[in-house]
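Data block below; observations after.
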Amino acid sequence: MSPTDSADRTYDELVAEAAAVDVSGWDFSWLDGRATEARPSWGYQRLLHQRFTTTESVLDLQTGGGEVTAGAAPLPRTTVATESWRPNLAVATDTLGPLGGRVVEAPDEGPLPFEDAAFELVIARHPVVTPWAEVARVLRPGGAFVSQQVGPDSARELSEWFVGPWPDGPQARDPEVVRAAATAAGLDVVDLRLERLPMEFFDVGAVVYILRKCVWWVPDFDIARYDDRLRAMDAHIRQHGSFLAHSSRFLIEAHKG
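Counted from 1, the sequence shown has number 145 at position 113 by my numbering; the numbering is strictly sequential.
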């Protein structure tokens, strides 16, 4: 769908369509032509592909639907992924299973159901929380943790449209806070990079879809509850062509001595 096609449809049509879409997994292809987000310069999936060629065992934490790791195939000989949200478990198994991966249920904050020093590489894309002590435990000596994470103030403009101004102050997703946590777990941070990137939404349906999928941006999101703000968003997009927000991403690599 193009922005022009969206402009020809009513608010109710766009919202109803977005409300009916399956939002399990981490495949965002439904947004093609309806929203864009610039990608970080380091190319996380490309980095994984490069690492996989020299790695025998990898643990993918909080895999979602497994799409990101699958896109970096071929997978290492031993590839295991964890996921805590049950609707995603089946999706991830269908995605990674045919490629030789195994998916297990595990809580985001740990503990992880694996032996000490079980993996050469641990990866995580946009983890809800990083269980640093568990990461250090399951890594082999000389192993690496490579993760792309959501940084501070990500999608702030979008969230504030619905819930009002965010409070100022320290944020848990500050890269330096994360560096300190990794160091406290006994890991050596060898790379830490932060980028802030534009994201545009070209119709209100795209906004509904993303708020249903990324529930932490507006935790109490409900179409009826936020009908007035959604209609205001629809009017804004029709007037200006899009709604502009910014994502925040950082890359961290930490090694176990």
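Cβ atoms here follow ideal geometry from the backbone N, Cα and C, with glycine treated the same way.
To the nearest angstrom, how far is the alpha carbon of residue i from that of residue j?
i	j	result
A104	F282	19 Å
V243	D259	What sits at residue 243 in the sequence shown is Leu, not Val. Taking the straight line from one Cα to the other gives about 13 Å.
F234	A149	47 Å
A138	A168	17 Å
G289	A214	13 Å
A67	A238	6 Å
T125	P106	16 Å
V123	R263	33 Å
F253	A51	12 Å
R225	G75	12 Å
E147	R172	10 Å
G174	R228	31 Å
T85	S73	21 Å
A265	F275	Note that residue 265 is Met in the sequence shown here, rather than Ala. Distance between the alpha carbons of M265 and F275: 8 Å.
T162	Q82	23 Å
G65	R41	15 Å
Does residue i come out as helix, strand or coil in the three-state DSSP assignment?
i	result
F84	helix
H158	coil
E147	coil
A105	coil
E152	strand
T124	In the sequence under discussion, the amino acid at residue 124 is Ala, which differs from the Thr named in the question. Here A124 sits in helix by DSSP.
R172	strand
V47	helix
T42	coil
S61	helix
V167	helix
V182	strand
V90	strand
So residue i is in the alpha helix (DSSP H); what residue range does that whole segment cover?
i	result
F194	188-195
V53	Premise fails: V53 is in no alpha helix (DSSP H) and is neither H nor E.
V236	236-245
R263	259-272
Considering residue i, what are the terminal residues of the beta strand (DSSP E) in which it resides?
i	result
W95	Note that residue 95 is Thr in the sequence shown, not Trp. Segment: none, T95 is in no beta strand (DSSP E) and carries neither H nor E.
V221	219-233
R281	275-288
E137	133-137
E141	Run containing E141: none; DSSP gives neither H nor E here.
A213	Here A213 belongs to no beta strand (DSSP E); instead the alpha helix (DSSP H) covers 207-216.
A113	110-115
A312	An answer regarding residue 312 cannot be provided, because it is not within the stretch 33 to 289 covered by the chain.
Is it true that the CB of residue j sits closer than 8 Å to the CB of residue i?
i	j	result
A156	G133	no
V250	S191	yes
P197	A70	no
D140	Q77	no
L128	G98	yes
F194	R109	no
L91	V178	no
A187	S61	no
A277	E189	yes
F151	V135	no
A212	A165	no
R257	A39	no
Am I right that residue i and residue j are in contact with their C-beta atoms under 8 Å? What's the rounded C-beta distance?
i	j	result
V236	V55	16 Å between Cβ atoms; not a contact.
L80	T101	7 Å
G96	N120	6 Å
Q181	P159	7 Å
V221	I284	7 Å
D200	P184	So it is not a contact: roughly 11 Å between Cβ atoms.
H315	L219	Any question about residue 315 goes unanswered here, given that the chain covers just 33 to 289.
With a threshold of 8 Å between beta-carbons, can residue i be considered close to chain C, or not?
i	result
T86	Here chain C cannot be found, since the structure has a single protein chain.
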